[in-house]
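Residue 1 is where the sequence shown starts when you use the numbering used here, and the numbers rise one by one after that. Backbone N, C-alpha and C define an ideal beta-carbon position, used for all residues, glycine too. Working notes, beginning with the structure itself.
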Amino acid sequence: MELTRKKPRDFVYIDELREADQNWPNYFLGNKVWVFFDSYDAKLAGDIPYSRIVVCCDNETGWTLHMACSELEQVREIANKITTPISQQQLIDLGFSKWHGWYE
């Protein structure tokens with residue numbers, strides 16, 4: 001049996017709690033929201049490549065921004081525009097969509 005080396009396909013760029021303003025319905029410890037920015041370069045049949053940022057205030061409420069994996073640099077620029085304290089209005093202005101439940 002010959003072992004093959006696989007190239008990574010899932011990359012995480014930001015995974016942290018950040019300070020939020022006072023207008024969120026919920027918060028994590030210390031009035032913070034979770035910011036997660038990743039990309040997935042799909043190589044498996046049926047998978048879809050993406051770049052996304054997820055900002056959430058609890059386990060099932062928040063905001064997402066999804067773009068094609070080829071638009072990673074644009075998503076990175078948007079991630080750099082997120083300032084603290086993070087407001088929901090700021091995310092709307094940056095093109096995020098609200099979600100409730102499980103994000104994808």
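Residue i to residue j, Cα distance in whole Å?
{"i": "residue 73", "j": "residue 26", "result": "30 Å"}
{"i": "residue 47", "j": "residue 12", "result": "18 Å"}
{"i": "residue 35", "j": "residue 21", "result": "14 Å"}
{"i": "residue 100", "j": "residue 84", "result": "22 Å"}
Of the residues the options, which one's Cα is nearest the Cα of residue i?
{"i": "residue 67", "options": "54, 61, 60, 59", "result": "54"}
{"i": "residue 49", "options": "31, 89, 19, 38", "result": "38"}
{"i": "residue 94", "options": "82, 14, 60, 45", "result": "82"}
{"i": "residue 23", "options": "14, 91, 75", "result": "91"}
{"i": "residue 64", "options": "42, 28, 33, 19", "result": "33"}
{"i": "residue 70", "options": "62, 78, 51, 60", "result": "51"}
{"i": "residue 77", "options": "42, 14, 30", "result": "14"}
{"i": "residue 62", "options": "18, 98, 42", "result": "98"}
Is residue i helix, strand or coil when you go by DSSP?
{"i": "residue 94", "result": "coil"}
{"i": "residue 86", "result": "strand"}
Taking all protein chains shown into account, decide if residue i is buried (16 or more other Cβ within 10 angstroms of its Cβ) or exposed.
{"i": "residue 88", "result": "buried"}
Start-end ranges of the beta strand (DSSP E) lying completely within the stretch 7-56, minimum 3 residues: Taking only runs of at least 3 residues, the beta strand (DSSP E) segments lying wholly in the stretch 7-56 are 10-19, 32-40.
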